[in-house]
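*Asks:* A single structure is presented below for examination.
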Amino acid sequence: TRDEWVTLLDGKGFPVGPVRTVPEAFQCPQAQHRHMVMELDNHPAVAPGKIYLPGMPIQYGGSGSDGDDGGVGSDDNRGGDGSPYEGVLPPPMLGQHTDEILREILDMDPMEIRRLEKEEVLECWKPSSD
Numbered sequence: 042t043r044d045e046w047v048t049l050l051d052g053k054g055f056p057v058g059p060v061r062t063v064p065e066a067f068q069c070p071q072a073q074h075r076h077m078v079m080e081l082d083n084h085p086a087v088a089p090g091k092i093y094l095p096g097m098p099i100q101y102g103g104s105g106s107d108g109d110d111g112g113v114g115s116d117d118n119r120g121g122d123g124s125p126y127e128g129v130l131p132p133p134m135l136g137q138h139t140d141e142i143l144r145e146i147l148d149m150d151p152m153e154i155r156r157l158e159k160e161e162v163l164e165c166w167k168p169s170s171d
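When the sequence shown is numbered by the numbering used here, its final residue is 171 and no position is left out of the sequence of numbers.
Below, the structure is given as C-alpha cells:
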C-alpha cells in the first residue's frame with residue numbers, strides 16, 4: 042500500500058511522502074496548519090454554500106516566532122474569521138467579465154458586443170432567471 046512504501050523508504054535517504062487525493066490533501070495537518078485551503082462562498086448562480094480551493098503553497102514575509110513568517114497566511118494578515126483569504130472571490134463564471142472588459146477596457150460599443158454574441162464569436166455570462 043501507499044503507507045507501506047512510505048514506511049519502507051522513510052529514513053533511507055530518499056525524500057518520501059504519500060501522494061494524496063484532493064480531499065486527503067485538503068485535510069492533512071500540514072495544509073491545515075499552513076492555511077493552504079481556501080474556503081470561499083460559492084457563486085450563487087451555481088449553488089449556494091462553500092467551495093474549497095488550494096491556497097498559496099508558498100508564503101512570503103519576514104521572520105516571526107512560532108513559524109509565523111508574517112507572510113500570506115500569517116496572523117498579521119488574517120481576516121476576521123482567521124482566514125488569510127478574506128476578500129478572495131470564487132473563480133469567475135465563463136464569460137462573467139467579458140462584457141465589462143470589452144466595454145471598459147477595449148471601449149467597445151454595446152451593440153457591437155451584442156452582435157458578436159449573436160454570431161457566437163464571444164459569450165457574455167448572464168445569471169439564470171431560475
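A virtual CB, placed ideally from N, CA and C, is assigned to each residue, including glycine.
Please list, in chain order, all residues of the same chain as residue 143 whose beta carbon is under 7 Å from its beta carbon, the five residues on each side excluded.
*Replies:* The residues are 149 and 154.
*Asks:* State the CB to CB distance for the pair residue 86 and residue 134, rounded to an integer number of angstroms; the pair is presumed to be in contact (CB under 8 Å).
*Replies:* 7 Å between Cβ atoms; contact.
*Asks:* Looking at the structure shown, is residue 95 part of a helix, part of a strand, or coil, going by DSSP?
*Replies:* Residue state, collapsed to three classes: strand.
*Asks:* What does the Cβ neighbour count give for residue 82, buried or exposed, with the cut at 16 atoms within 10 Å?
*Replies:* Residue 82 should be labelled exposed.
*Asks:* Would you give the residue range spanned by the beta strand (DSSP E) that residue 78 belongs to?
*Replies:* Where residue 78 is concerned, the enclosing beta strand (DSSP E) stretches over 78–82.
*Asks:* Taking the alpha helix (DSSP H) that residue 163 falls in, what are its first and last residues?
*Replies:* Run containing residue 163: none; DSSP gives neither H nor E here.
*Asks:* Please classify residue 86: does DSSP put it in a helix, a strand, or coil?
*Replies:* Looking at residue 86 - three-state DSSP - the assignment turns out to be coil, as it is neither helix nor strand.
*Asks:* Could you check if residue 44 is buried or exposed, using at least 16 other CB atoms within 10 Å of its CB as the buried criterion?
*Replies:* Residue 44 should be labelled exposed.
*Asks:* Helix, strand or coil for residue 143? Go by DSSP, reduced to three states.
*Replies:* DSSP places residue 143 in helix when its eight states are reduced to three.
*Asks:* Which residues in the same chain as residue 68 place their Cβ atom closer than 7 Å to its Cβ, once the five residues preceding and following it in sequence are excluded?
*Replies:* Nothing meets the Cβ criterion.
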